[in-house]
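In my numbering, the protein residues as written are 79 to 202. For glycine and all other residues, C-beta sits at the position ideal for the given N, C-alpha and C. Every value quoted in this text rests on a predicted model; they were computed, and no experiment measured them. Take a look at the structure set out below.
Structure (structure tokens):
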């Protein structure tokens, strides 16, 4: 792991975002074993609820489909190799519940399995 320290002046947006994140009680939710378990139970319930896009204005099409009982939204799918496609997988820890949302990047066997499934979603 590498750490880079940014010594230049921060933007107002960066400062406000830091202050906002501090109000989210993340540390409180993970401060004790009991709080962590309660938080995981709560998130388990929240993450099983279907995701609603609501009223949004998009220039490209949005398709919704299901993959292994999970909602998958694809935006801007023009079926071209040089286009950018936005793929939103509702609660990306569908393969291994309660894993960190970036665990696919970890050097563990579960991550490789999850990566293969995500690639399968993109290809189909």
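Given residue i as reference, the closest of the options once Cα atoms are compared
i, options, result
"residue 105", "150, 117 and 122", "117"
Extent of the continuous alpha helix (DSSP H) run through residue i
i, result
"residue 111", "111-124"
"residue 186", "Run containing residue 186: none; DSSP gives neither H nor E here."
"residue 258", "Because the chain here runs from 79 to 202, residue 258 falls outside it and cannot be looked at."
"residue 86", "From DSSP, residue 86 is part of no alpha helix (DSSP H); its letter is neither H nor E."
"residue 104", "104-107"
8 Å Cβ cutoff met for residue i and residue j
i, j, result
"residue 141", "residue 152", "yes"
"residue 114", "residue 108", "yes"
Same chain, Cβ closer than 7 Å to residue i, neighbours up to 5 away in sequence not counted
i, result
"residue 111", "none"
Distance cut-off 7 Å: residue i Cβ against heavy atoms of the ligand GDP
i, result
"residue 143", "Among the ligands in the structure shown, none appear at all, so the ligand GDP cannot be discussed."
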